[in-house]
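Asker:
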Amino acid sequence: MPSLGLLPDTLRGRLTLLLVLAVLASHVLALSLMFELRLQPPQPPGMSRMAPPPGPSPALAGPGPQSVLDMLQAPAPLRWGLALDIAVRLAALVAAAWWAARWLTRPVQRLAEAAQALGHEGATPPVPEEGPREFRQASRVFNQMQARIRQQLAERDRFVAAVSHDLRTPLTRLRLRTEALAQASERERMGRDIAEMDAMITATLEHLRGAAHAEPLAKVDVRALIDSMADDYLDTGHEIAVDGRCAPLQVRPGALRRCLDNLVGNALRYGGGAQVSVLDQGAAVRITVRDHGPGLPAQELAHVMEPFYRVEPSRNRASGGTGLGLSIARDIALRHGGTLVLRNATGGGLEAVLELPRPR
Numbered sequence: 081m082p083s084l085g086l087l088p089d090t091l092r093g094r095l096t097l098l099l100v101l102a103v104l105a106s107h108v109l110a111l112s113l114m115f116e117l118r119l120q121p122p123q124p125p126g127m128s129r130m131a132p133p134p135g136p137s138p139a140l141a142g143p144g145p146q147s148v149l150d151m152l153q154a155p156a157p158l159r160w161g162l163a164l165d166i167a168v169r170l171a172a173l174v175a176a177a178w179w180a181a182r183w184l185t186r187p188v189q190r191l192a193e194a195a196q197a198l199g200h201e202g203a204t205p206p207v208p209e210e211g212p213r214e215f216r217q218a219s220r221v222f223n224q225m226q227a228r229i230r231q232q233l234a235e236r237d238r239f240v241a242a243v244s245h246d247l248r249t250p251l252t253r254l255r256l257r258t259e260a261l262a263q264a265s266e267r268e269r270m271g272r273d274i275a276e277m278d279a280m281i282t283a284t285l286e287h288l289r290g291a292a293h294a295e296p297l298a299k300v301d302v303r304a305l306i307d308s309m310a311d312d313y314l315d316t317g318h319e320i321a322v323d324g325r326c327a328p329l330q331v332r333p334g335a336l337r338r339c340l341d342n343l344v345g346n347a348l349r350y351g352g353g354a355q356v357s358v359l360d361q362g363a364a365v366r367i368t369v370r371d372h373g374p375g376l377p378a379q380e381l382a383h384v385m386e387p388f389y390r391v392e393p394s395r396n397r398a399s400g401g402t403g404l405g406l407s408i409a410r411d412i413a414l415r416h417g418g419t420l421v422l423r424n425a426t427g428g429g430l431e432a433v434l435e436l437p438r439p440r
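Numbering-wise, the sequence shown is residues 81 to 440 according to our numbering.
1) May I have a chain-ordered list of the alpha helix (DSSP H) segments no shorter than 4 residues that lie completely inside the stretch 249-308?
2) What does DSSP give as the partner residues of residue 28 in its beta bridges?
3) So, does the stretch 371-384 touch the stretch 303-312, judging by three or more C-beta pairs under 8 Å?
4) Under the rule that 16 or more other beta-carbon atoms within 10 Å means buried, what is residue 189, buried or exposed?
5) Out of curiosity, what's the CA-to-CA distance linking residue 338 and residue 303?
6) May I have the straight-line CA-CA distance separating residue 369 from residue 296, to the nearest angstrom?
7) Pick out whichever of 358, 277, 432, 195 has its Cα sitting closest to the Cα of residue 227.
8) Can you tell which of 183, 285, 197, 251 has its C-alpha closest to the C-alpha of residue 408?
9) Report all residues from its chain with a CB closer than 8 Å to the CB of residue 173; omit the five preceding and five following residues, and keep chain order.
10) Quick check: the Cα distance between residue 221 and residue 358, rounded to an integer number of angstroms?
11) Buried or exposed: which applies to residue 413, given that a residue is buried once 16 or more other Cβ atoms fall within 10 Å of its Cβ?
12) Please identify the residue among 362, 425, 314 whose C-alpha is closest to the C-alpha of residue 325.
13) So residue 356 and residue 331 are in contact, right, with Cβ under 8 Å, and what is the actual spacing, rounded?
14) Do residue 384 and residue 422 come within 8 Å of each other at the CB atom, strictly closer than that value?
15) With burial defined as no fewer than 16 other Cβ atoms inside 10 Å of the residue's Cβ, what is the status of residue 439: buried or exposed?
16) Can you give me the start and stop residues for the alpha helix (DSSP H) that residue 512 sits inside?
17) With DSSP run on the structure shown, which of helix, strand or coil describes residue 355?
18) Identify the continuous beta strand (DSSP E) that holds residue 432 and give its terminal residues.
19) Looking at the structure shown, is residue 361 part of a helix, part of a strand, or coil, going by DSSP?
20) Work out the CA separation of residue 404 and residue 386 for me, nearest whole Å.
21) Give the DSSP bridge partners of residue 329, in chain order.
22) Please determine, among 382, 360, 187, 171, the residue with the shortest C-alpha to C-alpha distance to residue 442.
23) Pop quiz: residue 270 and residue 256 are said to be a contact at Cβ under 8 Å. What is the actual Cβ separation, rounded to whole angstroms?
24) Look at the Cβ atom of residue 327, then the Cβ atom of residue 415, and state whether they are nearer than 8 Å.
25) Please name the residue in 240, 268, 428, 234 whose C-alpha comes closest to that of residue 352.
26) Under three-state DSSP, which class holds residue 376?
27) If you draw a straight line from the C-alpha of residue 344 to the C-alpha of residue 230, how long is it?
28) Tell me, please, which residues DSSP counts as bridged to residue 424.
29) Please report how far the alpha carbon of residue 347 lies from the alpha carbon of residue 216, in whole angstroms.
30) Consult DSSP for residue 440 and reduce its assignment to one of helix, strand or coil.
31) Measure the Cβ-Cβ separation of residue 168 and residue 109 and say whether it is below 8 Å.
32) Are the Cβ atoms of residue 254 and residue 329 separated by less than 8 Å?
33) With H, G and I counted as helix, E and B as strand and the rest as coil, what does DSSP make of residue 418?
34) Let me confirm a value: residue 266 is counted as buried when at least 16 other C-beta atoms fall within 10 Å, else exposed. Which label applies?
35) With a cut-off of 8 Å on the beta carbons, I'd call residue 350 and residue 371 a contact; round off their distance for me.
36) What residues are listed by DSSP as bridge partners for residue 367?
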C-alpha cells in the first residue's frame, strides 16, 4: 500500500518529521498552558521583567551555582511555573515518542509474527505491504519467499505421492509372487526382506513428507495420549512406566504421538525399557523419555538426530534401524516451536527431553 503523500517515504524521514513535530508540540503546549495560567516564562530571580539585565547575556553567561540557588529560593509562583513548563514538555515528548515507536514498529511486528507462523504452520496470508519504504520492501521480499516455499511444498507433495505409488506397486507384486514359492523357508526369507523394504520406504516417505501435510492444532491431554501409547506397547509385551501430569496443551495430536512413539521405540530397542515423565512448567511442557541402556558417546549426541545417521554402522535394520526416527522426532518438535535434546542420564542410560512451549 503506498504511503500518504504528505509523509516522507523513508524511515529516516519519518523519524525526523516526528522529532520536529514532537518538539514543536511540546513548546506550544507549554507556552499555551502558561499563558492560560497567566504565568511568565521562568527567569532567574532579580531580573527585571520589563528591561534586559545589565552585563553579559544570560544565554551566554549561563547560570552559576549562585543563580541556581536563587532560582530554588524564588517565589512559589515562579517555581511552579518552571516545574509546570518542564513537566508539560517532558510529557509531550514522552507521549510523542511512545506513539511514534508504536506506529513505526507495527509493520516490523507484523513481519515477525508472519515469519514465526511460517516456521510453525508452513503457510500464512501475505503480509500487507505498507509503512515506510524499507518495510514495504521487506514485506514484498517476504511474500515472494513465502510463495516460493508454498510452491516447493506443493511440488514435494506431488513427489511423495508419486514415489509412494511407484514403490508400493512392485512391493505388492513381490508379496504375491512370494506366496507362490514352494519352499516355506524361501517364503519366510522373502517376506522378511519385503517387510524391511516396506518399513524403510514408509520411514523415508514420512521424513520427506515433513510439514507438507500440516495437521490442525487441537487441545490435547498429553498424559492421556502417553497412557494410550503405553497401553498399545503393553499389548506387545513392553511395559512403560509413566508419571507426571500437565494441563491440556495445543498440539498436533498425530504428529506428537509419532514423535513420542519414535523416542519410546528407540528406548525399547537400545535401552531395554522406557520410562516417560511429564512436567508442566507453566510456559512449557517437558516430556522426558529415559532408558537404562549404555547411553551414547558424547561426540555422537549431536549427530544421531541427523537424517540417515546411525551409530551402529551395519545396514541391519533390526540392530541399526533406518536412521530416521530421531530426525522425524526433532522435526515434529521444531514444527511445534519446541526442542528435542538428547543427553546421558545420571546413573546410566539416555534421556530424550522434548520441550513444547505453551502458546500465550
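Yeah, the Cβ is synthetic: ideal placement off N, Cα and C, and Gly gets one too.
It should be emphasised that the depicted structure is a prediction, and the values quoted were computed from it without experimental measurement.
Answerer: According to the structure data:
1) 264-289
2) Nothing can be reported for residue 28, as the shown portion of the chain is limited to 81 through 440.
3) no
4) exposed
5) Using only the alpha carbons, I get a separation of about 15 Å.
6) 25 Å
7) Answer by Cα proximity: 195.
8) 285
9) Here the set comprises 102, 103, 106.
10) 41 Å
11) buried
12) 362
13) 16 Å between Cβ atoms; not a contact.
14) yes
15) Using a 10 angstroms sphere on the CB of residue 439, the tally of other CB atoms stays under 16, which defines it as exposed.
16) The structure shown does not extend to residue 512, since the chain spans only 81 to 440, so no value can be given for it.
17) strand
18) 430-437
19) coil
20) One C-alpha to the other measures close to 8 Å.
21) Answer is 300, bridged to residue 329.
22) Any question about residue 442 goes unanswered here, given that the chain covers just 81 to 440.
23) Between residue 256 and residue 270 the Cβ distance is about 11 Å, and since that is not below 8 Å, they are no contact.
24) no
25) 428
26) coil
27) Within the model, the alpha-carbon separation for residue 344 versus residue 230 is close to 33 Å.
28) 430
29) 50 Å
30) coil
31) yes
32) No, these two residues do not count as a Cβ contact at 8 Å.
33) coil
34) exposed
35) 7 Å
36) 358, 434
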